[in-house]
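For reference, the structure discussed in these notes is given below.
Residue numbers (full-length UniProt numbering): 1 to 382.
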């Protein structure tokens, strides 16, 4: 009964988060599938279905090219089904291709060259990265970026910063030779380097000093759950004169968009590497419930702009996830094409079928695991 109550309460508390969550997910999924769709059309492949969601169709229409555009009941994803695809996972339907006329076969997905198929598959994740770059660039171009100067206001007692010799009033100008323009820049680097020595360059009394500091590992709680990060024990200045709004031109905005996107990529791979090596826990993996929860919180506190920036982060995450070499994901298809290139012929139909089944099981198990993680997280908040 307690388990059922947990699920019921979680559903009730997340009800107000559904709309922002669906908005963020729909934008990210649509752009991902649009990447596949546009490159597929550019390569001359017939597109049968463009679907946002899975399962029973809620609304749909056919365009003049015969593509069925549809919104389906289960909104957790989407797919583009090309001519010659057996299902939403883009497994080849050899029986259907064999029955096509030569003209129809030429416009089917399996009939395309390896390079064209790879381009169509890779276009989805690439579109996700481009969306993130565009959002990050557009927001700073239109609204600027509020920046807190990386000046140390206080050094906590018995902290890594105090032991290293950092002092109140120090202005951090670089870490490991990387220029620091804001306090958040410093936090990003420090949080990712627990128990590692970093060289902090500060400006003090008109001179620059480089001080080695080892961030301590601490566990914090966020809407996405527990996180283990590095801290050195300094507090930022809150003086009005230390805040500024930084404005960017078009090229600087684009550079910022690329930088922000690369930061999310780097942090994600850093987490995966630590997870594989046993230095991180799986309790930080989040599923649809926690993403919905965060979407609601961001919509309430950060408004539309915060929600759009969350869409950018989620877009990068979905792009990276789809590049994993797991059959049914885009990365799995690219892996099959690489094998086909090396062998000079594709894997047998049976081998591909087994691969897709294994991939489907792995993705299903991951979804169940992260959903269970979400339930435990929500239960701990009740």
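The C-beta atom is built at its ideal place from N, Cα and C for all residues, glycine as well.
Since we're looking at a predicted model, the values are computed, not measured.
Identified DSSP bridge partners for residue i
| i | result |
| --- | --- |
| residue 199 | 212 |
| residue 51 | 70 and 79 |
| residue 85 | 92 |
| residue 228 | 219 |
| residue 239 | Answer is none; residue 239 lacks a bridge partner. |
| residue 148 | 243 |
| residue 269 | Bridge partners of residue 269: none, in fact. |
| residue 234 | 155 |
| residue 59 | 71 |
| residue 179 | 174 |
| residue 343 | BP columns for residue 343 are empty, so no partner. |
Span separating the alpha-carbon of residue i from that of residue j
| i | j | result |
| --- | --- | --- |
| residue 327 | residue 349 | 13 Å |
| residue 353 | residue 112 | 20 Å |
| residue 368 | residue 361 | 10 Å |
| residue 82 | residue 123 | 14 Å |
| residue 365 | residue 358 | 11 Å |
| residue 163 | residue 313 | 35 Å |
| residue 242 | residue 67 | 55 Å |
| residue 103 | residue 96 | 14 Å |
| residue 259 | residue 196 | 23 Å |
| residue 143 | residue 167 | 34 Å |
| residue 84 | residue 105 | 8 Å |
| residue 204 | residue 155 | 15 Å |
| residue 347 | residue 339 | 8 Å |
| residue 249 | residue 165 | 38 Å |
| residue 63 | residue 98 | 26 Å |
| residue 180 | residue 35 | 35 Å |
| residue 7 | residue 18 | Bear in mind that the predicted position of residue 7 carries a pLDDT of just 42, short of 50, making it too unreliable to give a figure here. |
| residue 271 | residue 100 | 47 Å |
| residue 86 | residue 266 | 35 Å |
| residue 208 | residue 273 | 34 Å |
| residue 230 | residue 220 | 10 Å |
| residue 65 | residue 33 | 17 Å |
| residue 158 | residue 200 | 18 Å |
| residue 12 | residue 351 | Here residue 12 scores only 46 on pLDDT, less than 50, and its place in the model is too uncertain to base an answer on. |
Whole-Å CB distance - residue i paired with residue j, under 8 Å assumed
| i | j | result |
| --- | --- | --- |
| residue 459 | residue 202 | In this structure the chain extends from 1 to 382, so residue 459 is not present and cannot be described. |
| residue 213 | residue 232 | 5 Å |
| residue 24 | residue 216 | At roughly 34 Å, the Cβ-Cβ gap does not stay under 8 Å, so residue 24 and residue 216 are not in contact. |
| residue 137 | residue 254 | 5 Å |
| residue 93 | residue 150 | Contact flag wrong, Cβ pair sits at about 57 Å. |
| residue 121 | residue 334 | 6 Å |
| residue 20 | residue 322 | About 23 Å separates the two Cβ atoms, so there is no contact after all. |
| residue 337 | residue 117 | 6 Å |
| residue 114 | residue 341 | 6 Å |
Cβ pair residue i, residue j closer than 8 Å
| i | j | result |
| --- | --- | --- |
| residue 128 | residue 332 | no |
| residue 135 | residue 309 | yes |
| residue 148 | residue 182 | yes |
| residue 132 | residue 316 | yes |
| residue 80 | residue 49 | yes |
| residue 263 | residue 188 | yes |
| residue 107 | residue 27 | no |
Spatially closest choice to residue i from the options, by CA coordinates
| i | options | result |
| --- | --- | --- |
| residue 31 | 77, 56 and 60 | 77 |
| residue 89 | 312, 192, 242 and 54 | 54 |
| residue 42 | 147, 25, 119 and 97 | 119 |
| residue 210 | 235, 181, 175 and 335 | 175 |
| residue 160 | 186, 192, 121 and 234 | 234 |
| residue 392 | 215, 265, 246 and 170 | Only positions 1 to 382 of the chain appear in the structure, and residue 392 is not among them; the question remains open. |
| residue 384 | 178, 228 and 126 | Since the first residue shown for the chain is 1 and the last is 382, residue 384 is missing from the structure and cannot be characterised. |
| residue 69 | 87, 86, 47 and 84 | 47 |
| residue 57 | 63, 220, 71 and 64 | 71 |
| residue 177 | 273, 198 and 306 | 198 |
| residue 240 | 108, 330 and 153 | 153 |
| residue 75 | 61, 93 and 52 | 52 |
| residue 329 | 91, 86, 21 and 60 | 91 |
| residue 145 | 73, 252, 45 and 87 | 252 |
| residue 325 | 265, 345 and 363 | 363 |
| residue 37 | 273, 109 and 158 | 109 |
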